[in-house]
Structure formats: structure tokens, C-alpha cells
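> Take this structure first; my questions come after.
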Amino acid sequence: MTVLDVGCGPGFFSIESAKMVGKTGKVISADLQDGMLQKLSQRIGATDLEERIQLVKCEKDKINVSENIDFALAFFMVHEIPDKVPFFKELKFILKENGQILIVEPKLFHVSRKDFELTMRIAEDVGFKINQGPRLPLCWSAILKNA
Numbered sequence: 020m021t022v023l024d025v026g027c028g029p030g031f032f033s034i035e036s037a038k039m040v041g042k043t044g045k046v047i048s049a050d051l052q053d054g055m056l057q058k059l060s061q062r063i064g065a066t067d068l069e070e071r072i073q074l075v076k077c078e079k080d081k082i083n084v085s086e087n088i089d090f091a092l093a094f095f096m097v098h099e100i101p102d103k104v105p106f107f108k109e110l111k112f113i114l115k116e117n118g119q120i121l122i123v124e125p126k127l128f129h130v131s132r133k134d135f136e137l138t139m140r141i142a143e144d145v146g147f148k149i150n151q152g153p154r155l156p157l158c159w160s161a162i163l164k165n166a
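Counted from 1, the sequence shown has number 160 at position 141 by the numbering used here; the numbering is strictly sequential.
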């Protein structure tokens, strides 16, 4: 299984994902900030997770991943993207046929219901089917699948 942790930050979810995919799986940890990737690199250095986690430097308007993925996590980061259409198109392009994307956004002071619904409409317009995500305290969530 190949997992993409987009906007991985210091790798909290990347590390746990790497443990879950096991030795035959792979996690692609992508972030715009070099400092976040360096922190993750330090955390996994000289461990068996170093072999399972691939660090990728995103560009302002591109994730920079061409490998097909089974699952993607975008945790508290989609609201930071000014133009969401290319972002969702890139995810759609790399997501395997039966793949899924979990989007989680913060409710308080960041993302209103209206803004989250607009983001989901953009994803739907790109070709994703939107499903209810897990119920998380103070968060909006959705699971995206290829339509």
C-alpha cells in the first residue's frame, strides 16, 4: 500500500502511517516547507521507518508526486491552498481507481461550514465522490473517492 501524507508537517501522521503499512508499504510525506521535511527526516533517521518514508518537497502549486497512491491524507491543510482546482486534479490523477482521500479541516476560527462545503463542491467538480468522513471533535471531514 502506498500512502500520501500531503502537508505532512513534522510527520506525526507519516510515522504512524508507516507503521501501519508495514515493511512492504510506503509513505510519501510531502510538504512545502523544507524545515518540516528536515524535522521528519531527523525523527526517522537511523530507524526502519527511514526505508518506508519518502520525503517530497512540494511546490507552491504542485504536490510533485507522480506515483500512484492508494490513500491520501490532507490534515488541516486544504484551507491553506489558494487555488484548490489544480490540487484536486493532481490528487485525482495519482489516486488509484479504488483509492481514497481523507480530508480533515479545523472548524474553529479557520474553516466555516460554508467554506468546507465549497471545497467539497470543488472536489466534486473535479470528479470525486464525496462521502462523510469520521466524526472528529471540532473538525470537518470527508472521504473522497474516484467517481
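Every residue gets a Cβ at the ideal spot worked out from N, C-alpha and C, and that includes glycine.
Starting from the Cα of residue 132, find the closest Cα among 117, 110, 159, 143 and give me that residue.
Taking the sequence shown and counting its residues from 1, the one referred to as residue 132 is at position 113. Ranking the options by Cα distance to residue 132, first place goes to 159.
> Could I get the ranges of all uninterrupted beta strand (DSSP E) runs contained in the region 53 to 82, with 3 residues as the minimum, in chain order?
Within the region 53 to 82, the complete beta strand (DSSP E) runs of at least 3 residues are 72 to 76.
> Residue 127 bridges to which residues according to DSSP?
Within the sequence shown, residue 127 is the residue found at index 108, counting from 1. The partner list for residue 127 (beta bridge, DSSP) is empty, contrary to what the question assumes.
> Below 8 Å, how does it come out for the region 77 to 85 and the region 48 to 61: are there three or more Cβ pairs, yes or no?
These segments touch.
> What are the residues that DSSP puts in a beta bridge with residue 50?
As a first step, residue 50 is located in the sequence shown; it is residue number 31 there, counting from the start. Answer by DSSP bridge pairing, in chain order: 76.
> If you draw a straight line from the C-alpha of residue 24 to the C-alpha of residue 37, how long is it?
Numbered from 1 along the sequence shown, position 5 holds the residue referred to as residue 24. Numbered from 1 along the sequence shown, position 18 holds the residue referred to as residue 37. Going by the C-alpha atoms only, they are around 10 Å apart.
> In whole angstroms, give me the CA-to-CA distance for residue 102 and residue 141.
By one-based count along the sequence shown, residue 102 stands at place 83. By one-based count along the sequence shown, residue 141 stands at place 122. When rounded, the distance between both Cα atoms is 10 Å.
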